[in-house]
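For the sequence shown, my numbering gives the first residue as 84, with consecutive numbering after it. For glycine and all other residues, C-beta sits at the position ideal for the given N, C-alpha and C. Every value quoted in this text rests on a predicted model; they were computed, and no experiment measured them. Before any comments, here is the structure.
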Amino acid sequence: MEWVPLKPIYKQGNASPSAEQTVFSWLSRAGFQLEQLRRSVEPPVNEYFYFHPSRYIQIHMVEDPETGLARFFIFYPGGQTLVAPGIPELQATIAAG
Numbered sequence: 084m085e086w087v088p089l090k091p092i093y094k095q096g097n098a099s100p101s102a103e104q105t106v107f108s109w110l111s112r113a114g115f116q117l118e119q120l121r122r123s124v125e126p127p128v129n130e131y132f133y134f135h136p137s138r139y140i141q142i143h144m145v146e147d148p149e150t151g152l153a154r155f156f157i158f159y160p161g162g163q164t165l166v167a168p169g170i171p172e173l174q175a176t177i178a179a180g
């Protein structure tokens, strides 16, 4: 297991949050908990697994570390799965219930 800081990146004294930090902050405020982080070297990919303990929703974030682009797989109780291609779509999907 590898520990990875989820903190903003500073450029010339100004905070420039990463996609990881933005998603972590937003999901934490929404009641989700980061359960697991996995990094793969080949193919290069970062995976984050979030879980909401009272709503039983799991979010699997798959990020390309080279481009920073992420996709989200949302697993609901009962087997329904939705895919969100970006952070705005994730927020809209979670807000819609």
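Under the three-state reduction of DSSP, arginine 112 is assigned to helix.
Counted as a single uninterrupted DSSP element, the beta strand (DSSP E) harbouring glutamate 146 occupies residues 140 to 146. Between isoleucine 142 and the set Ala98, Pro168, Asn97 and Pro126, the nearest pair of CA atoms involves Pro168.
By alpha-carbon distance to valine 166, the top candidate from Ser123, Phe134, His135 and Val145 is Val145. Leucine 173 and glutamate 130 have their alpha carbons spaced roughly 16 Å apart.
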